[in-house]
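Chemist:
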Amino acid sequence: MIRKTLLFLLLALVVVTVMDLWRGKDLPKGALPDTRWVTLDAQHIDLVEQSYGEPVIVYFWGSWCPVCHVLTPSVDWVDNYLPVVSVAMSSGSAHQVQNYLQSNDYQLAVVNDPDAAISGQWGVPVTPAFAIVRNGEIHSFTAGVTTPLGLYARWLWAYAAG
1 MIRKTLLFLL LALVVVTVMD LWRGKDLPKG ALPDTRWVTL DAQHIDLVEQ SYGEPVIVYF
61 WGSWCPVCHV LTPSVDWVDN YLPVVSVAMS SGSAHQVQNY LQSNDYQLAV VNDPDAAISG
121 QWGVPVTPAF AIVRNGEIHS FTAGVTTPLG LYARWLWAYA AG
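Each residue of the sequence shown is one higher than the one before, starting from 1 at the first, in the UniProt record's numbering.
Here you go:
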């Protein structure tokens, strides 16, 4: 029974890794696209500059995304402990996104991407998606369901590599 469980976990890890590599194939290589953004609350963020201090989690999500509805509360919680910048893809006007955040009591720093221009520059194929940026480069990328522990492990891996 233990052997089957270990084999299943190994197979799952291989499948997830291959999927992440495939989903990340269109991500920018080397220098990132413009990463000087302004959040909905007028906070100026320079993601590249910030990533030299410590890794930054970039969370691409949409208010229309059912999986994001489940994950965003966890990401909002992680934001209390690790640097997170979120990008609201195709989720409407700044006012609509702000209303969505307020109605769900989210405290995340949110950059509105109403036409998915930022997401397109980054080559983000699906939501939810997570990029860990360290020293001005994408250190890792994953899409789909992840846990706070999974985010922390990716962040820690980038931190240790920096």
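Glycine included, C-beta positions come from ideal geometry on N, C-alpha and C.
When you measure from the CB of Ser86 to every non-hydrogen atom of the ligand SAH, does any distance come out below 8 Å?
Modeler: The ligand SAH is not among the ligands present in this structure, which contains no ligands whatsoever.
Chemist: Classify Ser74 as helix, strand or coil using the three-state DSSP reduction.
Modeler: Residue state, collapsed to three classes: helix.
Chemist: Helix, strand or coil: how does DSSP classify Thr146 here?
Modeler: Coil at Thr146, not helix or strand.
Chemist: Can you give me the C-alpha to C-alpha distance between Val124 and Leu7, rounded to a whole angstrom?
Modeler: Those two C-alpha atoms are separated by around 31 Å.
Chemist: Nearest to Trp61 by CA position, among Trp155, Arg3 and Asn112, is which residue?
Modeler: The option with the nearest alpha carbon to Trp61 is Asn112.
Chemist: How would you call Met89, buried or exposed, if buried means at least 16 neighbouring beta carbons within 10 angstroms?
Modeler: Met89 is buried by the Cβ-count criterion.
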